[in-house]
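*Asks:* Got a structure here, written out as structure tokens. Questions coming.
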Amino acid sequence: MAGLGWLFSGAVPAAATAALAVIASGIIVALYFVRLRRREVPVAFAALWLGLAGAASALRRSRRLRHWLSLLLALSIVAALLVGAVDPGPAAVDPTGRSWVILIDRSASMSASDEVGTRLEAARARARALVRGMNPADRALVASFAAEPTAESGFGADPAALERGIAAVAPTDEAGELPRALAFAAAVLRGRPRPTVALISDGGFTEDARRAAPAGIELRYAPVGRRGENVAILSLGARRVPSDPGAVEAGVVVQSFRSAPAVVPLEILSGGHLIDRLRVTLAPGERRSITLADLFAPGARIEARLAAADDLETDDRAAATVPPLPRRRVLRVGDADLYLDGALLSLGRTVVVDRLPGAEAEAALARAGDYDLVIFDGVTPDEQPSSGRFLYFDPRGPGSPLATRGRIRDPVLDPASLRADHPLLRHLDLADVNIAEAVRLTPGPGDRVLAGAFGAPLVIARERPGLRAVVVAFDPRGSDLPMRPAFPLLIANTLAWTGVDRAGAPPSEAALPRDPRESDTRPIARLELGGREVPALQVARPRRWPRAGLLASGLAALLLIGEWISYHRRWTT
Amino acid sequence: MTALAESPARRRFDERFLRRLETLELAVRRAARGQGRGIRRTRRAGAGLELADHRDYVPGDDLRYLDWNLYGRLDRRALRLFEEDEDMAVDVLVDASLSMGMGQPAKLELALQLGAALAYVALANLDRVAVTALGAEPRGLPRQRGKARILGVLGLFEEVAATGRSPLSASLRGFLSRRTRRGRGVAVVISDFYDPAGPRAALDLLRAHRLDPIAVQLTAPDELAPVLRGDLRLRDVETGEAHDLTLSAAAVAAYQRRLSGLRRELEGHCRERGIPCFSVTSDQPLDAVVLRMFRAGGLLG
């Protein structure tokens, strides 16, 4: 059976062709002479037929010529059939053929739209052209790769099956792992004649990936992609602001891969609603981190979107889940204080409050490390803490964090002293707070007076390494502050400010489904592997006409039909 | 008749054919009655009782039959003709040459059926009927009378095959030479009249022997419209001669014109001689042919 393999390979040896031609011609000539025997027809009265106009004698020269023409027609039909069977083409010149693995890059950057359609569609078109231009003796397998290689077809010569495999290649958001793909192709081609890999890609591979070339395999490169005009969101993070559970702080990293400065609108959405929009100006290749504070995002998910049109859409969006606020532990030390308890209660379930009586202030100081905030409400431990987070109301005694210089009655808050830009006073309105009595405090070095009453500090912030303390110089119960919205806000701000460098609300990272490297869509026209440039893939022009064999078979069929008609119409003999 | 129908060898003429003959004979009588003629009569000068017609006097005619009254009134010399019943002799001659076996359907089949039908009508008419098949070896029945004789006729025709290789005129010459009773009579010739001597030769021969011929020319449909084209070897079935020809559509058209000319020549000759002549194709139904012949007149009437 192996000896007859040429019958099915499309490559017929010349000797077999000649033998077929001789045998077929001999049979035709023999049959033709058999056919020359005239059909005998009995007639009732032959005299009626003799000497008729139009009845030609078989001996006339023109009749003989028609005989020869008829034989020539028959031999032409045989020749056309032979050509159809042999199907002369490149296979006859290149009987061994190549073994192709057509590797189509389906990484994220192949979704760029700088080609007609996308780069992947252009790659499919290149692959189809390669298949249509393949020699009949060639065999091929279609594979695609991103993070992993995938065989899209079997190894064969059927163009329809190969084109189905090409059509099956789907884009991904993964990075292209060229070494794995080449290793896969090498495994497929092992032991096959003239192994060749056609790599159809935009060439966006890392230095490591381009370090080595497969051995023993001819590699051809077909680049796709025309330009690299892309701006991408590389990362997106978000976290809750402790003082305002409905607010979110977001961080976005964007980068331009364009060759010219780019101004792109950046939109932040929550629950499908636009909550912020800004314009970002980026220099060529610039990467910038943008922090967006005080975003009102009640939903658990925010989305960043670049509204500018560029080549790659998949990196123009990023989404991040906003993590919930962590639970805070607060220790309140002092006698019963409904106002303070009410303010703590307003923070909801994000705050767990433990209480100790004022007599146990020293014990509270020892346990301060277990709490996010310790509030000394009208009591002051004997020792000043060196670390921890504290809020003092009306400090007194030797343990007061700030030196005291007596008391002051009916202090009037100086609006000019308010430091509204400090996080502790965010959203607070303390301008007309009425205070019955306050302790006169002397701020230490580094302490910041956030509000005062004409020389008497009322709210002081102390920040030392490992220590953050807020000191309020008056007892809220001796003022109308608890009756104002500013009171619970002050507690919340204190919690937020003191918790900034602790657990707080760690920002979430955007769940980006793609590799940021794929955002660099600049195509690589010349690919180097192992320090050597990969030759370009020469795609033969697809046949615009059917194969010679098909044409010859069609011609033979037409001749046969014509001969059949002419014979039965008695035009030929 | 029952024995005829039961014989397995006799398939050409079965009981059903006999019934057709009887029906046909009745139909012929009805047709003849409508024209005032039911039996065979001849028109002769003076021999009968019933005046039939006049004809112009020619020198030599018997002056006894000159219509003197007419001569007196119109000054025209005319001879009175009378109709006379006659015991007539009828010869039914069927050409059984090889050419009659040609055609689809074969001409011989209709020729034999037609001959049988004419013989049956004549026998029923109490005429003396002889039938002869002009094949390689002519076979026939002597003159006989009476309807019952039809079985013999059918028996003879049942065995007839197309075998003759001689032209019609040659066959008739042999038939005439073998005749024992030479008298006037009617000779119905059923043939294709394919004769190298021409179609009129056979009829002239009969007339020369004082027989009034009636010509029935049979042609097959595929002879009228042959589908022959291309390189062929035409072999004459009677002479055996072969001719290599390449036939085109024009040649076939010329053949058709020639065949039509042959038929016209026969009809023209018959018309000139007052011979009844009928052209029939072999695919025509027997009943229609027989009735057409009798309705046309001049045949057994």
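Residue numbers (our numbering), protein chains in the order written: chain Y, 1 to 573; chain D, 574 to 874.
All C-beta atoms in this analysis are idealised placements derived from N, C-alpha and C, irrespective of residue type, glycine included.
Just so you know, these numbers come straight off a predicted model, no measurement behind them.
Evaluate Y:T521 with the Cβ neighbour count: other Cβ atoms within 10 Å of its Cβ, from every protein chain shown; 16 or more gives buried, anything less gives exposed.
*Replies:* Residue 521 of chain Y sits at position 521 when you count from the first residue of the first sequence. Y:T521 comes out buried.
*Asks:* What is the DSSP secondary structure of Y:A247, counted as helix, strand or coil?
*Replies:* For the purposes of this step, residue 247 of chain Y is identified with residue 247 of the first sequence, where counting begins at 1. Reduced to three states, the DSSP call for Y:A247 is strand.
*Asks:* Starting from the N-terminal side, write out each stretch of the beta strand (DSSP E) that is 3 residues or longer and does not extend beyond the stretch 157 to 209 of chain Y.
*Replies:* 195 to 201
*Asks:* Which value, in whole angstroms, describes the spacing of the CA atoms of Y:F659 and Y:V248?
*Replies:* Since the first and last residues shown for chain Y are 1 and 573, residue 659 of chain Y lies out of range.
*Asks:* Just the C-alpha distance for D:L699 and D:A827, rounded to the nearest angstrom, thanks.
*Replies:* For the purposes of this step, residue 699 of chain D is identified with residue 126 of the second sequence, where counting begins at 1. For the purposes of this step, residue 827 of chain D is identified with residue 254 of the second sequence, where counting begins at 1. Each residue's Cα considered, the two are about 47 Å apart.
*Asks:* Which residues, in order along the stretch 756 to 777 of chain D, keep a beta-carbon less than 8 Å from a beta-carbon of chain Y?
*Replies:* D765, Y767, P769
*Asks:* If I measure Cβ to Cβ from Y:P423 and keep anything under 7 Å in the same chain, skipping five residues before and after, which residues do I get?
*Replies:* Indexing the first sequence from 1 puts residue 423 of chain Y at position 423. Closer than 7 Å at Cβ, skipping near neighbours: N493, A496, W497.
*Asks:* Since Y:A473 and Y:V439 should fall inside the 8 Å C-beta cutoff, what is the C-beta to C-beta distance between them, to a whole number of angstroms?
*Replies:* As a position in the first sequence, residue 473 of chain Y is number 473, starting the count at 1. As a position in the first sequence, residue 439 of chain Y is number 439, starting the count at 1. At roughly 5 Å, the Cβ-Cβ gap stays under 8 Å, so Y:A473 and Y:V439 are in contact.
*Asks:* For Y:A46, which residues in chain D fall below 8 Å Cβ to Cβ?
*Replies:* Within the first sequence, the letter at position 46 stands for residue 46 of chain Y. The contacting residues are L807, R808, D809, T812, E814, H816.
*Asks:* In whole angstroms, what is the alpha-carbon distance linking D:D664 and Y:W564?
*Replies:* On the second sequence, residue 664 of chain D is found 91 positions in, with the first residue counted as 1. On the first sequence, residue 564 of chain Y is found 564 positions in, with the first residue counted as 1. Straight-line Cα distance between these residues: approximately 53 Å.
*Asks:* Output the boundary residues of the alpha helix (DSSP H) element that contains Y:I217.
*Replies:* Here residue 217 of chain Y refers to the residue found at position 217 of the first sequence. Where Y:I217 is concerned, there is no enclosing alpha helix (DSSP H), given that its DSSP letter is neither H nor E.
*Asks:* What does a CB cutoff of less than 8 Å around D:R865 pick up in its chain, not counting 5 residues either side in sequence?
*Replies:* For the purposes of this step, residue 865 of chain D is identified with residue 292 of the second sequence, where counting begins at 1. The answer, listed in chain order, is F851.
*Asks:* What span of residues does the alpha helix (DSSP H) with Y:D475 cover, start to end?
*Replies:* Along the first sequence, read from residue 1 onward, the residue named residue 475 of chain Y stands at position 475. Taken as a continuous stretch (DSSP letters only), Y:D475 belongs to no alpha helix (DSSP H), as it is neither H nor E.
*Asks:* What are the uninterrupted segments assigned as beta strand (DSSP E) that are 3 or more residues long and contained completely in the stretch 261 to 292 of chain Y, given in chain order?
*Replies:* Within the stretch 261 to 292 of chain Y, the beta strand (DSSP E) runs of at least 3 residues that lie entirely inside it are, in chain order, 262 to 270, 273 to 282.
*Asks:* Tell me the rounded alpha-carbon separation between D:G708 and D:G688.
*Replies:* By one-based count along the second sequence, residue 708 of chain D stands at place 135. By one-based count along the second sequence, residue 688 of chain D stands at place 115. Their backbone Cα atoms lie some 14 Å apart in a straight line.
*Asks:* Kindly indicate if chain Y contains any beta-carbon less than 9 Å away from that of D:D837.
*Replies:* What you label residue 837 of chain D is simply residue 264 of the second sequence in a count that begins at 1. For the sequence presented, residue 837 of chain D should be read as Arg rather than Asp. Not a single CB atom of chain Y sits nearer than 9 Å to the CB of D:R837.
*Asks:* Of all the options Y:A170, Y:P214, Y:G154, which has the alpha carbon lying nearest to the alpha carbon of Y:M110?
*Replies:* Here residue 110 of chain Y corresponds to residue number 110 of the first sequence, with the count starting at 1. Checked all of Y:A170, Y:P214, Y:G154; the closest Cα to Y:M110 is Y:A170.
*Asks:* If I'm right that D:L839 touches D:F766 with Cβ under 8 Å, what's the distance once you round it to whole angstroms?
*Replies:* Here residue 839 of chain D is taken as the residue at index 266 of the second sequence, counted from 1. Here residue 766 of chain D is taken as the residue at index 193 of the second sequence, counted from 1. 6 Å between Cβ atoms; contact.
*Asks:* Use the C-beta contact count for Y:L558: other C-beta atoms within 10 angstroms, 16 or more gives buried, fewer gives exposed.
*Replies:* Translated into the one-based positions of the first sequence, residue 558 of chain Y becomes position 558. Counting Cβ neighbours within 10 Å, Y:L558 comes out exposed, since fewer than 16 surround it.
*Asks:* What does a CB cutoff of less than 7 Å around Y:V353 pick up in its chain, not counting 5 residues either side in sequence?
*Replies:* In the first sequence, counting from the first residue as 1, residue 353 of chain Y sits at position 353. Taken in chain order, the residues that qualify are V330, R332, L344.
*Asks:* From the DSSP secondary-structure annotation, give me the bridge partner or partners of D:S852.
*Replies:* Counting from 1 along the second sequence, the entry for residue 852 of chain D is found at position 279. According to DSSP, D:S852 bridges with D:Q790.
*Asks:* Which complete alpha helix (DSSP H) runs does the stretch 409 to 452 of chain Y hold, if anything under 4 residues is left out?
*Replies:* Counting only runs of 4 or more, we get nothing.
*Asks:* Does DSSP put D:L697 in a helix, in a strand, or in coil?
*Replies:* The residue you call residue 697 of chain D lines up with position 124 of the second sequence. In the sequence on display, residue 697 of chain D carries Ala and not Leu. Helix, per DSSP.
*Asks:* How about Y:E603: is its C-beta nearer than 9 Å to some C-beta of chain D?
*Replies:* Residue 603 of chain Y lies beyond the range of chain Y shown here (1 to 573); nothing can be said about it.
*Asks:* Tell me, which residues are paired with D:I723 by DSSP?
*Replies:* Within the second sequence, residue 723 of chain D is the residue found at index 150, counting from 1. In the DSSP output, where bridge partners are listed per residue, D:I723 has none listed.
*Asks:* Report the neighbours of D:R831 on chain Y: residues whose CB is nearer than 8 Å to its CB, in chain order.
*Replies:* On the second sequence, position 258 is the one that residue 831 of chain D refers to. Those are L48, L52, listed as they occur along chain Y.
*Asks:* Would you give the residue range spanned by the beta strand (DSSP E) that D:Q717 belongs to?
*Replies:* If you number the second sequence from 1, residue 717 of chain D lands on position 144. Element bounds for D:Q717: 712 to 717.
*Asks:* Using DSSP with H/G/I as helix, E/B as strand and the rest coil, what is D:T812?
*Replies:* On the second sequence, residue 812 of chain D is found 239 positions in, with the first residue counted as 1. Looking at D:T812 - three-state DSSP - the assignment turns out to be coil, as it is neither helix nor strand.
*Asks:* Taking 8 Å as the cut-off, does the stretch 139 to 152 of chain Y touch the stretch 180 to 191 of chain Y (at least 3 CB pairs, one atom from each stretch)?
*Replies:* Yes: at least three Cβ pairs fall under 8 Å.
*Asks:* Considering only DSSP beta bridges, list what Y:F145 is partnered with.
*Replies:* As a working note, residue 145 of chain Y is residue 145 in the first sequence. Paired residue(s): Y:D105, Y:P149.
*Asks:* Is there a C-beta anywhere in chain Y that falls below 9 Å from the one on D:A793?
*Replies:* In the second sequence, counting from the first residue as 1, residue 793 of chain D sits at position 220. Judged by the 9 Å Cβ criterion, D:A793 is in contact with chain Y.
*Asks:* State buried or exposed for D:Y644, treating a residue as buried only when at least 16 other CB atoms are found within 10 Å of its CB.
*Replies:* As a first step, residue 644 of chain D must be located in the second sequence, where it is residue number 71. Burial call: exposed.
*Asks:* How would you write the range of the beta strand (DSSP E) that Y:A457 sits in, first residue to last?
*Replies:* Within the first sequence, the letter at position 457 stands for residue 457 of chain Y. Correcting the residue type first, residue 457 of chain Y is Pro in the shown sequence and not Ala. Segment 456 to 464, the beta strand (DSSP E) holding Y:P457.
*Asks:* Please name the residue in Y:L31, Y:G342, Y:T380 whose C-alpha comes closest to that of Y:P357.
*Replies:* For the purposes of this step, residue 357 of chain Y is taken as the residue at position 357 of the first sequence. Comparing Cα-Cα distances from Y:P357 to each of Y:L31, Y:G342, Y:T380, the minimum goes to Y:T380.
*Asks:* Would you call D:A798 buried or exposed, if buried means 16 or more other Cβ atoms sit within 10 Å of its Cβ?
*Replies:* For the purposes of this step, residue 798 of chain D is taken as the residue at position 225 of the second sequence. The residue is exposed, with fewer than 16 neighbouring Cβ atoms inside 10 Å.
*Asks:* Using a Cβ-Cβ cut-off of 9 Å, state whether D:A824 counts as contacting chain Y.
*Replies:* Along the second sequence, read from residue 1 onward, the residue named residue 824 of chain D stands at position 251. Interface residue, yes.
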